[in-house]
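Chemist: Quick one: the structure is below, questions incoming.
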């Protein structure tokens, strides 16, 4: 076996750069997951499918002749209402239940979403052409597409806006209060039902942004949602709930890991390596905690 | 055993033996039903009784499928050439070779996943609740993705299992062979699970489900029993996978073997539909699910996954206790847990 990446070390720069820029996007999705996990105590397997749905919204704008970059504004607005509706339909019945129930129920939602997207948009791999150029670095060896820079910048902007919103606004305060203690918040007059719906809507909106960016930078396919779910889950368990800098760093770390795995193991093992990394991280944490006779809660 | 139970079991066995002759057009469906019941029962042993809800039992199922086919081919012919391109046309199994290979293959397909479960069990079963569920989900999908990249077992283009020997001219023979094979497996599984239900092992699994820390404090080596419980699941999943591989005749890494989107969810769903933590629940759940699936799948062609997703959501939200749970609530005298009069009095005194 010959590893191209060790023969041409400049490719490491490429992999690292790509990884960091993608990782910011993963971190954005993971932040949404951490939000709903922390506030509502549910694990949303359909997270990745919400992302893909957001991407398809941007893609259909592209088909209609609008520049897909506007998707980063339109997609979250639509996805917010999708999330809100999803909450009212299904999620509100699983909030107080066992986590396993939420996993299975959202798994069901994920299957429905995948299939509906398959019907509407077809099973082809699609990409929304943004028409952004590419910068060549280091004698044209390292490529830096402007679309990935665009996606990273937009992700950072959305993350900052969200953090400020959570700190300053009334709804943000209510969400944080509910996350700390739902019962106490209810007693003090917070409409927790509305807070939950808004949280899920915000999460879906974040997925919408991420999806629109993925539509521009990568490819879309109805069945590739689950890897995004797993990536965000992984980032959340490494970074913890509600620790934004850690989420960003572990997101970038995951991105870099993936790019390197892509070069070293081959593209066919890329998704497999993501899932294996999840298993390895969980097992590593479990052994670390079991020394103190504790377990992951 | 009571007279009534004996009649029931005898009736079911006779029905099972006669089924392929009565419904001779549905032999494949009946075979799949047997496999589904086995998967649901063994999932229930671990998900329902032990409380470790695994999405990853598909790992053992797919492993068994690949192992059985690989052994069946590898015993007589070079595996790499078989999978490379249309090997089933160049190399032909004779009748004895086919059945020898099948026998050894099933043995390997059952034993290796059990060993794998034992080896990874210590690491994975230390996780609890939803972490365990997500970790096993990851394992199952990772296995599919990795199997899809390995050349010797056909990589992405799949693996054709040895076709049924041509010397046997009877067109019914193939269907009957696989049906009776899976029916035998079903009986074996049922006897084994029933035996477990009457043993102390089941009580320990229940103790782990209800409160693992307390169980450990009572002096039960929970890890040991958890691993054994998982190994039992793995054994039967591997066996079922081996039979399914032979029946389908073609193995694809993500769509047939490590099919987390179908089989992996089905086994969880069937157990929940019938009622987790009961002996008969998974059997009823699997039969009902298979009947509904095959009955309505063709009517809603194209929409079956939407229907499946909606079904999952509805079952999980509205019937988390399943059919048996509902019956228990409705008719506690007949279906409820049997509690000794003495035990109940002791309970009352404690309160």
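Protein chains in written order, with my numbering: chain W, 1 to 297; chain C, 1001 to 1351. Cβ atoms here follow ideal geometry from the backbone N, Cα and C, with glycine treated the same way. Everything numeric in this text was worked out from a predicted model, so none of it was measured.
Please list, in chain order, the chain W residues whose beta carbon lies closer than 8 Å to that of residue 1135 (chain C).
Modeler: Chain W residues near residue 1135 (chain C): 278, 279, 282 and 283.
Chemist: Residue 94 (chain W) versus chain C: which residues are under 7 Å apart at the beta carbon?
Modeler: Per Cβ cutoff of 7 Å: 1317.
Chemist: Can you list, in chain order, the residues of its chain with a C-beta nearer than 7 Å to that of residue 1315 (chain C)? Leave out the 5 residues immediately preceding and following it.
Modeler: For residue 1315 (chain C), where only same-chain residues beyond five positions count, the Cβ hits under 7 Å are 1269, 1272 and 1273.
Chemist: Is it a yes or a no for the segment 1100-1113 of chain C touching the segment 1074-1086 of chain C, going by three-plus beta-carbon pairs under 8 Å?
Modeler: As far as the Cβ criterion goes, the segment 1100-1113 of chain C touches the segment 1074-1086 of chain C, which means the pair count is three or higher.
Chemist: Are the segment 254-271 of chain W and the segment 1146-1158 of chain C in contact at 8 Å, needing three or more beta carbon pairs?
Modeler: Flag = yes, the segment 254-271 of chain W and the segment 1146-1158 of chain C touch.
Chemist: Could you please give the first and the last residue of the uninterrupted beta strand (DSSP E) stretch that includes residue 144 (chain W)?
Modeler: Unbroken beta strand (DSSP E) run through residue 144 (chain W): 142-145.
Chemist: With a threshold of 16 other CB atoms inside 10 Å of the CB of residue 136 (chain W), please say whether the residue is buried or exposed.
Modeler: Residue 136 (chain W) should be labelled exposed.
Chemist: Between residue 200 (chain W) and residue 1068 (chain C), what straight-line distance do the alpha-carbon atoms span, to the nearest angstrom?
Modeler: Cα to Cα, residue 200 (chain W) sits roughly 45 Å from residue 1068 (chain C).
Chemist: Using only the alpha-carbon positions, how far apart do residue 1250 (chain C) and residue 247 (chain W) sit?
Modeler: C-alpha separation (whole angstroms): 43 Å.
Chemist: Buried or exposed for residue 1326 (chain C), please, with buried defined as at least 16 other CB atoms from any protein chain shown within 10 angstroms of its CB.
Modeler: Flag for residue 1326 (chain C) reads exposed.
Chemist: Along the segment 104-123 of chain W, where does the CB come closer than 9 Å to a CB of chain B? Name the residues.
Modeler: In the displayed structure, chain B is absent; the protein chains listed are W and C.
Chemist: Counting only runs that start and end within the segment 1155-1215 of chain C, where is the alpha helix (DSSP H) found for 4 or more residues in a row?
Modeler: Complete alpha helix (DSSP H) runs here, min 4: 1173-1197 and 1200-1210.
Chemist: At which residues does the alpha helix (DSSP H) containing residue 1222 (chain C) begin and terminate?
Modeler: Unbroken alpha helix (DSSP H) run through residue 1222 (chain C): 1222-1248.
Chemist: Could you give the residue range of the alpha helix (DSSP H) that holds residue 1050 (chain C)?
Modeler: From DSSP, residue 1050 (chain C) is part of no alpha helix (DSSP H); its letter is neither H nor E.
Chemist: So, at 7 Å on beta carbons, what are the nonlocal neighbours of residue 1056 (chain C) in its own chain, with the 5 sequence-adjacent residues on each side left out?
Modeler: Within the same chain, residue 1056 (chain C) has close Cβ partners 1136, 1137, 1139 and 1140.
Chemist: Taking DSSP's pairing of strands, which residues face residue 206 (chain W) in a bridge?
Modeler: According to DSSP, which records beta bridges pairwise, residue 206 (chain W) is partnered with nothing at all.
Chemist: Distance check for residue 1257 (chain C) and residue 1160 (chain C), CA to CA, integer angstroms please.
Modeler: The straight-line gap from Cα to Cα measures roughly 12 Å.
Chemist: At which residues does the beta strand (DSSP E) containing residue 134 (chain W) begin and terminate?
Modeler: Taken as a continuous stretch (DSSP letters only), the beta strand (DSSP E) holding residue 134 (chain W) covers 134-137.
Chemist: Can you tell me which of the three DSSP states residue 241 (chain W) falls into?
Modeler: Coil.
Chemist: 8 Å is my cut-off, CB to CB: does residue 295 (chain W) come that close to chain C?
Modeler: It does; some Cβ of chain C falls within 8 Å.
Chemist: Helix, strand or coil for residue 1315 (chain C) per DSSP?
Modeler: In the structure shown, residue 1315 (chain C) sits in a helix (DSSP, three-state: H, G or I).
Chemist: Figure out for me which residue from C:1220, C:1245 and C:1330 has the closest Cα to the Cα of residue 1106 (chain C).
Modeler: Nearest of C:1220, C:1245 and C:1330 to residue 1106 (chain C), Cα basis: C:1245.
Chemist: Quick check on the burial criterion: 16 or more other C-beta atoms within 10 angstroms. Buried or exposed for residue 1171 (chain C)?
Modeler: Flag for residue 1171 (chain C) reads exposed.
Chemist: What residues in the segment 220-236 of chain W bring their beta carbon closer than 8 Å to a beta carbon of chain C?
Modeler: Result list: 226, 230 and 233.
Chemist: Report the residue from C:1309, C:1328, C:1196 and C:1070 whose alpha carbon sits nearest the alpha carbon of residue 1242 (chain C).
Modeler: Of C:1309, C:1328, C:1196 and C:1070, the residue nearest in Cα terms is C:1070.
Chemist: Is the Cβ of residue 1053 (chain C) closer than 8 Å to any Cβ of chain W?
Modeler: Cβ-Cβ to chain W under 8 Å: yes for residue 1053 (chain C).
Chemist: Residue 1251 (chain C) bridges to which residues according to DSSP?
Modeler: Bridge partners of residue 1251 (chain C): C:1159.
Chemist: Would residue 1313 (chain C) count as contacting chain W if we go by Cβ distances under 8 Å?
Modeler: Yes, its Cβ sits closer than 8 Å to a Cβ of chain W.
Chemist: Rounded to whole angstroms, how far is the Cβ of residue 26 (chain W) from the Cβ of residue 213 (chain W), which I believe are closer than 8 Å?
Modeler: Wrong, their Cβ atoms sit about 11 Å apart, outside the cutoff.
Chemist: What would DSSP say about residue 1116 (chain C), mapped onto helix, strand or coil?
Modeler: Helix at residue 1116 (chain C).
Chemist: My output table needs one value for residue 126 (chain W): the three-state DSSP class, helix, strand or coil.
Modeler: Residue state, collapsed to three classes: strand.
Chemist: Cα-Cα, which of W:40, W:32 and W:96 is closest to residue 79 (chain W)?
Modeler: Among W:40, W:32 and W:96, the Cα nearest to that of residue 79 (chain W) is on W:32.
Chemist: Is the beta carbon of residue 1041 (chain C) closer than 8 Å to that of residue 1193 (chain C)?
Modeler: Closer than 8 Å, so yes.
Chemist: Helix, strand or coil: which one does DSSP assign to residue 116 (chain W)?
Modeler: Residue 116 (chain W) falls in the helix class under three-state DSSP.
Chemist: Since residue 29 (chain W) contacts residue 228 (chain W) with CB under 8 Å, what's their CB separation in whole angstroms?
Modeler: Yes, they are in contact, since the Cβ atoms of residue 29 (chain W) and residue 228 (chain W) sit about 6 Å apart, within 8 Å.
Chemist: Residues of chain W with CB closer than 7 Å to the CB of residue 1320 (chain C), please, in chain order.
Modeler: What residue 1320 (chain C) touches in chain W: 101.
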